[in-house]
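Everything below concerns the one structure shown next.
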Amino acid sequence: MSFRAGEARTVSRARCAAMAAVAVLFGATGQVLAGENDGLGDGEEPQGGFYSGPITPGAAWYETNDVPPAFNWGDGEPVFADDGPFTFDGSYCVYVTDAYATGDEFAVYDNGELLGNTSAVAGGDGFTGDPDVAFADPAYSSGVFPVGPGSHSITIEVTANPFGGGAAYIQVVDCPADAGENRTTINVTKDFSDDNPGEVEVMISCNTGLPLEQTKIISESEPVEFVITEFDSGELDCAITEAGIVGYDAGYDNGVTTSDTSCSYEDLEGGLELSCDITNTPAPVDVVIEKDWIIEGADGSQGVNTDYRLTLWCDAEIIGGINLFEMTQGAGTGNIIGPPGCGLVVPGVESGQIIVPLYDWCKSFNSDGDDVFNAEVIPEYPNSNCYVVETVYDSAVEVDNGCGSLTVSAGQGASCTITNTVFFEGIPTLNQYGMALLALLMLGMGFIGFRRFA
1 MSFRAGEART VSRARCAAMA AVAVLFGATG QVLAGENDGL GDGEEPQGGF YSGPITPGAA
61 WYETNDVPPA FNWGDGEPVF ADDGPFTFDG SYCVYVTDAY ATGDEFAVYD NGELLGNTSA
121 VAGGDGFTGD PDVAFADPAY SSGVFPVGPG SHSITIEVTA NPFGGGAAYI QVVDCPADAG
181 ENRTTINVTK DFSDDNPGEV EVMISCNTGL PLEQTKIISE SEPVEFVITE FDSGELDCAI
241 TEAGIVGYDA GYDNGVTTSD TSCSYEDLEG GLELSCDITN TPAPVDVVIE KDWIIEGADG
301 SQGVNTDYRL TLWCDAEIIG GINLFEMTQG AGTGNIIGPP GCGLVVPGVE SGQIIVPLYD
361 WCKSFNSDGD DVFNAEVIPE YPNSNCYVVE TVYDSAVEVD NGCGSLTVSA GQGASCTITN
421 TVFFEGIPTL NQYGMALLAL LMLGMGFIGF RRFA
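As structure tokens, then:
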């Protein structure tokens with residue numbers, strides 16, 4: 001995220017505390033020294049001189065090039081890593097600016113997470129060792145952050161440096177009286193209806209103002225917040241969306257209205273604390289059942305009963321199906337007699353009959369001959385299981401059930417085939433030559449019998 005030099009800028013309290021922690025760490029006696037190829041002009045000396053003791057709120061600009069722990073970014077290596085975590089109490093504003101030759105830019109991390117970047121600059125011929133002048137000049141990369149209390153461990157690295165080394169400044173001072181007035185926070189929470197623990201990218205877009213971060217990673221266990229600053233009260237419109245999740249539908253609730261596209265806010269004032277709840281529900285997936293018949297044998301097909309019933313059973317919801325355990329005979333028994341449409345009987349516990357173990361959901365299809373059936377199933381996380389039972393009405397039918405074990409998951413359905421085969425052994429037929437040969441054989445047998453008994 002970029003900041004324009006010289007403008008009022010803010011980040012969340014956690015970020016600000018992080019920058020304050022950096023300031024606390026630059027508390028040791030040391031001389032400000034520029035790195036190799038430091039970008040200084042010929043004969044120029046870096047501003048700042050010697051400093052003794054910790055950097056404290058209200059102190060002057062501190063150059064961070066060689067004050068221990070060294071903030072030295074020669075050859076593009078990471079320039080600073082504290083030995084925190086450190087705790088900073090109170091609220092201040094932390095200012096960071098490049099100096100001397102232009103072109104250096106910085107990325108700041110807190111506990112390994114990117115806090116943000118100083119402003120993007122083009123670089124050029126500008127030169128000043130005065131941090132106030134540099135901060136006010138958009139040609140120099142800079143940023144300012146209100147800070148709040150918190151525990152932080154900071155790493156800073158150079159993201160752009162045309163000289164191979166350089167110097168920068170930091171100071172911690174009281175914020176202007178109105179620094180926090182036009183600051184609004186939106187707290188975002190995530191819920192998966194199937195308890196998926198996965199992470200999702202969530203984004204904010206606004207018509208004005210400065211969102212301190214435009215994307216974050218969220219999960220059920222890790223809510224996030226977006227902070228927007230630098231806007232005129234009543235003129236801020238924002239929307240929060242998430243990256244599409246394969247196999248899931250999203251629902252948004254901003255505390256006032258619900259939507260399937262975003263949490264939207266209009267005409268926001270400063271100083272607001274808003275909410276956005278995002279719920280993801282698995283979208284239905286298809287279970288496709290193909291039914292094939294193979295009938296072999298001369299003219300035998302005329303006597304085959306090709307009627308059948310297919311019953312799909314799943315441990316997840318089947319759209320348009322029957323939930324067996326919602327159709328109980330008495331509270332809490334979980335037993336059903338003759339669930340309509342599923343073709344099986346689950347007798348009560350006291351009936352003395354065998355209880356058939358089933359999945360919770362079922363749906364039946366009745367047909368004859370070749371056919372294709374489709375059912376929609378809403379899978380649970382990480383997956384759900386289904387199987388198909390066939391009932392045929394002809395004892396001559398042999399069933400090859402390829403649908404005995406199916407697995408579905410978010411965005412991933414299943415397909416299978418059940419093949420019914422019938423073999424007929426009818427009386428063989430003969431052509432005219434065969435019939436003539438058979439007649440001769442029978443005539444020959446007749447002559448033999450006649451001579452024997454003559």
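One point on numbering: in full-length UniProt numbering, the residue at position 30 of the sequence shown is 30, and numbering is uninterrupted.
Every residue gets a Cβ at the ideal spot worked out from N, C-alpha and C, and that includes glycine.
Source: prediction; values computed, not measured.
- Taking 7 Å as the cut-off, the Cβ atoms of E242 and V288 do not count as close.
- Counting other Cβ atoms within 10 Å of its Cβ, G123 reaches 16 or more and is therefore classed as buried.
- Take the alpha-carbon of T118 and the one of Y248: they are about 37 Å apart.
- For T419 and D307, the gap between their C-alpha atoms comes out near 13 Å.
- The C-beta distance from S367 to K291 rounds to 7 Å, short enough to meet the 8 Å contact threshold.
- Between E230 and N196 a beta carbon distance of about 36 Å is seen, past the 8 Å cut, so the two are scored as non-contacting.
- The Cβ atoms of I319 and C362 lie no closer than 7 Å to each other.
- Excluding residues up to 5 positions away in sequence, I228, L236, D237 and C238 lie with their Cβ nearer than 7 Å to the Cβ of C206 in the same chain.
- In the DSSP assignment, A375 is bridged to V287.
- In terms of Cα proximity to E105, the closest of I378, Y169, N280 and T391 is Y169.
- As DSSP reads the structure, S409 sits in a beta bridge with Q412.
- In the structure shown, the three-state DSSP call for D132 is helix.
- The Cβ atoms of A120 and T97 do not sit closer than 7 Å to each other.
- With 16 or more other CB atoms across the displayed protein chains lying within 10 angstroms of its CB, F192 is buried.
- Burial of I378 is indicated by the presence of at least 16 other C-beta atoms within 10 angstroms of its C-beta.
- In this structure, N187 places its C-beta atom within 7 Å of the C-beta atom of S275.
- Between the C-alpha atoms of Q171 and G143 there is a straight-line separation of about 11 Å.
- Boundaries of the beta strand (DSSP E) around G251: Y248 to D253.
- Closest in alpha carbon position to D370, among N383, N305, T208 and N254, is N305.
- By the C-beta density criterion, V285 is buried, having at least 16 other C-beta atoms within 10 angstroms.
- Taken through DSSP and simplified to helix, strand or coil, L212 comes out as coil.
- The continuous beta strand (DSSP E) containing W313 extends over residues D307 to C314.
- Rounded to whole angstroms, D315 and D400 show a C-alpha spacing of 23 Å.
- Bounds of the beta strand (DSSP E) holding E242 are L236 to E242.
- A99 and G129 do touch by the CB rule: their CB atoms are close to 6 Å apart, below 8 Å.
- Out of A396, N254, Y359 and A410, the CA that lies nearest to the CA of C386 is found in Y359.
- Ranking L272, E269 and S364 by CA distance to the CA of L310 puts S364 first.
- One thing to note: W61 has its Cβ no nearer than 7 Å to the Cβ of P138.
- Classified as buried, A250 has 16 or more neighbouring CB atoms from the shown chains inside 10 Å of its CB.
- A distance below 6 Å between beta-carbons, with the five flanking residues on each side excluded, links A396 to the following residues of its chain, in chain order: V422.
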